[in-house]
Amino acid sequence: MFGPQGAEGRVDTTTDLNDKLEDFVTRFTFGDVWQRPGLSLAARSEVTFAMLLASGKEHELRVHTEGALENGVSPVALREIVLQGLLYCGIPAAVLGVRVLREVFDARGIGDVLDGEAEATRRKEPS
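Mapping to the working numbering: the sequence shown position 98 is 608, numbers consecutive.
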């Protein structure tokens, strides 16, 4: 789900203190739940991103933003989930989402997902 670098990162951070937890999380979460039929990896990533946004889990949101991009979720789709989250989770969640997206997009060299959309989405004044 996180690509080769993400998997290596998980292995690199496993210690004697967390090895049992890491084994359980990896096997159950990514071996069982993420492999179930019924939702694509991209759809699972979108749902997970939305739930982490709603719960304000910044570290996990960042990790799953990376995973969502690896699973084929577009930057625009992630931005739209944050916008939808504004309505149902509040301004703090949306601000967190925008901050995490900006950091991840900048690190990956992803340009501003609003380029070319600002004029199309601007509210039109009545004539």
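All residues carry an ideal CB built from backbone N, CA and C; glycine is no exception.
Within 10 angstroms of the beta-carbon of Leu593 lie fewer than 16 other beta-carbons, which makes it exposed. With a 10 Å radius around the Cβ and a threshold of 16 neighbouring Cβ atoms, Arg554 comes out buried. In this model, Val605 and Phe615 are separated by some 15 Å (Cα to Cα). If you compare the alpha carbons of Cys599, Gly600, Arg589 with that of Asp622, the shortest gap goes to Arg589. As for any alpha helix (DSSP H) of minimum length 4 sitting wholly inside the stretch 579-609, the runs are 585-599, ordered along the chain. Residue burial annotation: Leu527 is exposed, with fewer than 16 other C-beta atoms found within 10 angstroms of its C-beta. Spatial neighbours of Gly566 in its own chain (CB-CB distance under 8 Å, excluding positions within 5 residues in sequence) are listed in chain order as Pro602, Ala603, Leu606. Take Arg572, set aside five residues on each side of it, and the residues of its chain with a beta-carbon closer than 8 Å to its own are Val610, Glu613, Val614, in chain order.
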